[in-house]
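Participant: Sharing a structure here in structure tokens format.
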Amino acid sequence: MKKTKFLVLVLVVSIMLVGAGYAYWDQTLTIKNTVETGYLDVSFIDYDDDDWDDFPELCNSDLVTTNAIISPDGQSLDFTVTNFYPGAGASLAFVVENTGTVAAKIETVTGTILNNTALANALNYKFDQVVRKPIIGPLTYEAIDAVDADNVDDLAAGLTNALKNIVIQPGEKLMLRTSNILLPNGTEAPNYQILMPDTISGSQFEDTTTSFRLSLKFIQVNY
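Structure representation (structure tokens):
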């Protein structure tokens with residue numbers, strides 16, 4: 023009887039030892055990652071609705087009127103010039119804002135004539151400078167490759183080339199302008215981006231209106 027009890031005891035101990043050999047503590051560490059993507063959003067904004075501190079007002083020659091209409095999605099600008107005459111100039115309110123969360127730059131500019139192709143392609147278009155307005159800080163001026171176009175297609179191509187390396191940071195506004203130029207008659211025409219050549223004479227284009235659209239395609243900037 024004692025021998026039997028001994029064997030049972032040995033068996034129980036053996037099982038315990040085997041369990042000790044195979045049992046172990048375990049712990050799982052979990053890392054929760056959240057990735058939030060940024061978004062690209064650049065659009066035209068109304069010059070009159072923005073606060074350009076100490077910035078010269080856009081100007082037109084006497085009696086010339088301009089009207090800029092921004093599309094609901096902010097991706098295109100329809101520009102109309104009325105009462106133009108030979109030797110006159112007008113300013114194009116060209117302001118964009120990066121309301122997204124990633125840096126952006128212009129890939130292409132497209133020009134579409136909406137009314138009176140002959141007149142739109144008889145005008146002269148000039149741009150040579152951009153003005154940056156950061157969220158905080160003063161305005162800064164940057165020279166770009168001068169755009170001097172005699173038709174809307176050349177205007178779009180010139181803007182595409184001149185602006186291809188201009189990066190717009192989130193929250194930044196950018197205005198396209200022209201530095202002071204001299205008209206053929208020797209007078210200074212500050213900030214005129216559109217001019218009617220004084221070589222146009224007679225009744226050519228008299229009592230007519232032209233409209234054209236500029237559309238911008240932006241892409242994100244990868245550093």
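Residue numbers (this note's numbering): 23 to 245. Note that CB positions come from ideal geometry on N, CA and C, so glycine has one too.
#1: To test your reading of the DSSP string, which unbroken beta strand (DSSP E) runs of 3 or more residues are found completely within the stretch 126-198?
#2: Here's a check: name, in chain order, each residue in its chain whose Cβ is nearer than 6 angstroms to the Cβ of P156, leaving out the five neighbours to either side.
#3: May I have the straight-line CA-CA distance separating I190 from N55, to the nearest angstrom?
#4: What residues are listed by DSSP as bridge partners for V117?
#5: Per the contact definition of three or more C-beta pairs closer than 8 angstroms, is the stretch 116-124 in contact with the stretch 217-235?
#6: Quick one: residues in its chain with C-beta nearer than 6 angstroms to the C-beta of A256, no 5 flanking neighbours on either side, listed in chain order?
#7: Should the stretch 94-103 be regarded as contacting the stretch 60-70, the criterion being three or more beta carbon pairs within less than 8 angstroms?
#8: Taking all protein chains shown into account, do 16 or more other C-beta atoms lie within 10 angstroms of the C-beta of G180, making it buried, or fewer, making it exposed?
#9: Could you tell me whether the Cβ atoms of D150 and S225 are closer together than 8 angstroms?
Facilitator: From the atom records:
#1: 126-137, 146-155, 162-171
#2: By one-based count along the sequence shown, residue 156 stands at place 134. If we look at P156 and ignore the five residues flanking it on each side, its Cβ neighbours are E194.
#3: In the sequence shown, counting from the first residue as 1, residue 190 sits at position 168. In the sequence shown, counting from the first residue as 1, residue 55 sits at position 33. The straight-line gap from Cα to Cα measures roughly 30 angstroms.
#4: Reading the sequence shown from its first residue, position 95 is the one you call residue 117. Note: V117 sits in a beta bridge opposite M197.
#5: no
#6: Any property of residue 256 remains undetermined from this structure, which presents the chain solely from 23 to 245.
#7: yes
#8: On the sequence shown, residue 180 is found 158 positions in, with the first residue counted as 1. With 16 or more Cβ atoms within 10 Å of its Cβ, G180 is classed as buried.
#9: For the purposes of this step, residue 150 is identified with residue 128 of the sequence shown, where counting begins at 1. For the purposes of this step, residue 225 is identified with residue 203 of the sequence shown, where counting begins at 1. Cβ atoms of D150 and S225: not closer than 8 angstroms.
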